[in-house]
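*Asks:* Reminder that position 120 of the sequence shown reads as 120 in full-length UniProt numbering, one-by-one numbering, no gaps.
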Amino acid sequence: MTVTELSNLQEWRRLENLQLIARHLIEQVEAHEDVTLSELSSAPVTALEDCAHIALRYSATVNSNCELAGYYHDSPPTITLHRSAVDGRDNFTVLHEYGHHLQQHDDEWAMGVLAELPNFEARLLEERVSDTFASAVLFPDKAIEHLLGSTLTAKFVAELYNGSAASRAAACMKAIEVAPPSTEAMVVQLDERGQVLFARSNSDNLFVAPFGSFQEDFSRLFQIASERGGHSHGTAESGLRYSTGNSRNDLNIDMALDYSGTVGFAVVTPTYRFGTASWMPEERECSSNRCGEVFLWTAEIGVCLTCGVAKCPVCYECACERLAVAQCKECFMELSVAESSGGRVAHEECP
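Pasting the structure below:
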């Protein structure tokens, strides 16, 4: 193939062209005798530890311009990895840095394309190509073709993750990348409480669920999936909440759990392909009878991990039953902890 046919950054940043150069780099991998593509796909860190043409070392400190916890030096060719708590993340990191190595040692690409771009554009393109290469190695085309049907499903995302050495977030990103044409979808990684751990969307009309937010529909469908073999499907009843205080409820949600049963993947799609998004204000009334504040439940408002109800932004109460408190026998107001623990039955200032 010829990798010098395109001349500007915007053309190269198109997904099909990034995939084109990623496949070109994979061909370079297959030319090496000390590492195989299958080894890189199944156990990247181990494969590169045993590789003769590049060194892999570990560091306790992060010193990188990349978003990932690793970096590449070309003299001598060395990948430095800062270990994370997630093996899948480390696997993506070392493959990303190996992608830098392959790009910089491919004269046709390095001199014919990168060297012809302004420095900033060259660095940006090199990063995007490394990401695409790492994703292509972790999720081979044959695995995608075997698992992906005519529609994007949560089961596909779960199986994609379960059968790879990648992280859950990487599986979500790959699912969005390979979604069938005309698919408008958001892929979400979440826990049993419905908390959003990662999300990606391929549509400007389907906003990403806020990171860290607790979504009741996700929690509800996660519990159903737990009881029904790891899969559930439904519509948004409470609606997906956003930082504006509005919720969108014209959505279908497909849910599947990973092999551990502790993390779920949701594929969210509009109910009507050609419909108009349906939004509604998410108003809640404080659970405390003493407060009664009506407030917009935005994504920034905390949720009680015990009862799952939003904490009132005025009194910070949730729906948990309060412990009995001592009251002043004179004014019937609540005594402080210090007063009640000290044996007082009335406020000092009360007659």
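Just so it is clear, CB atoms sit at the ideal spot from N, CA and C, and this is done for glycine as well.
1. Exposed or buried, which one is Asp107 when buried takes at least 16 other CB atoms within 10 Å?
2. Grouping DSSP H, G and I as helix and E and B as strand, with all else coil, what is Ile301?
3. Please classify Ser283: does DSSP put it in a helix, a strand, or coil?
4. Determine the burial state of Leu102: buried for a count of at least 16 other Cβ atoms within 10 Å of its Cβ, exposed for fewer.
5. To the nearest angstrom, report how far apart Pro181 and Ser201 are at their CA atoms.
6. Determine the closest residue to His73 out of Arg89, Leu56 and Arg83, with distance taken between C-alpha atoms.
7. Identify the continuous beta strand (DSSP E) that holds Ser247 and give its terminal residues.
8. For the segment 141 to 187, list the alpha helix (DSSP H) runs that are entirely contained and at least 4 residues long, ordered along the chain.
9. Among Gln28, His231 and Ala154, which one has its Cα closest to the Cα of His100?
10. Which ranges does the alpha helix (DSSP H) cover as unbroken runs of at least 4 residues, wholly within the segment 15 to 53, from first to last along the chain?
11. Under the rule that 16 or more other beta-carbon atoms within 10 Å means buried, what is Met1, buried or exposed?
12. What do you reckon, are the CB atoms on Ala175 and Leu190 nearer than 8 Å?
13. My output table needs one value for Phe265: the three-state DSSP class, helix, strand or coil.
14. Is the separation between the beta-carbon of Ala69 and that of Thr93 shorter than 8 Å?
15. Under 6 Å Cβ to Cβ from Val303, same chain only, skipping five residues before and after it: list those, please.
16. From what residue to what residue does the beta strand (DSSP E) around Phe295 run?
17. Between Ser64 and the rest of its own chain, which residues show a CB-CB distance below 6 Å, the 5 nearest in sequence each way excluded?
18. If I measure Cβ to Cβ from Ser135 and keep anything under 6 Å in the same chain, skipping five residues before and after, which residues do I get?
19. Got a sec? Which residues, its chain only, sit under 8 Å from Pro270 by beta carbon, not counting five neighbours each side?
20. Between which two residues does the beta strand (DSSP E) containing Met255 stretch?
21. Ignore the nearest five residues each way along the sequence and tell me which others in Ala158's own chain have a CB closer than 6 Å to its CB.
22. Taking all protein chains shown into account, do 16 or more other C-beta atoms lie within 10 angstroms of the C-beta of Val294, making it buried, or fewer, making it exposed?
23. Can you say whether Leu15 is buried or exposed, counting buried as having 16 or more other CB atoms within 10 angstroms of its CB?
24. Relative to the C-alpha of Gly230, which residue among Phe222, Glu285 and Ala236 is closest?
25. Please list, in chain order, all residues of the same chain as Ala346 whose beta carbon is under 6 Å from its beta carbon, the five residues on each side excluded.
26. Is the separation between the beta-carbon of Ala166 and that of Val188 shorter than 8 Å?
27. How would you write the range of the alpha helix (DSSP H) that Gly112 sits in, first residue to last?
28. Kindly indicate which three-state DSSP category Glu97 falls into: helix, strand or coil?
*Replies:* In brief:
1. The residue is exposed, with fewer than 16 neighbouring Cβ atoms inside 10 Å.
2. In the structure shown, Ile301 sits in coil (DSSP, three-state: anything other than H, G, I, E or B).
3. Sequence inspection shows Glu at residue 283; the Ser mentioned does not correspond to that position. It is a strand residue.
4. buried
5. 14 Å
6. Leu56
7. Asn246 to Arg248
8. 141 to 147, 154 to 162 and 168 to 177
9. Gln28
10. Qualifying alpha helix (DSSP H) stretches, in chain order: 15 to 30, 37 to 42 and 44 to 49.
11. Unreliable positioning characterises Met1 in this predicted model, as indicated by a pLDDT of 48, which lies under 50. A coordinate reading is not provided.
12. no
13. strand
14. Taking 8 Å as the Cβ cut-off, Ala69 and Thr93 qualify as a contacting pair.
15. Phe214 and Ala310
16. Val294 to Leu296
17. In this prediction, Ser64 scores a pLDDT of 47, lower than 50, which makes its location untrustworthy; the coordinate-derived value is nonetheless stated afterwards. Within the same chain, Ser64 has close Cβ partners Tyr71.
18. Lys174
19. Glu184, Asn205, Leu206, Asp250, Leu251, Asn252 and Ala277
20. Leu251 to Leu257
21. Ala256, Asp258 and Phe265
22. exposed
23. exposed
24. Phe222
25. Cys328, Lys329 and Glu330
26. Their beta carbons are not under 8 Å apart, which means Ala166 does not touch Val188 by this criterion.
27. The continuous alpha helix (DSSP H) containing Gly112 extends over residues Asp107 to Gly112.
28. In the structure shown, Glu97 sits in a helix (DSSP, three-state: H, G or I).
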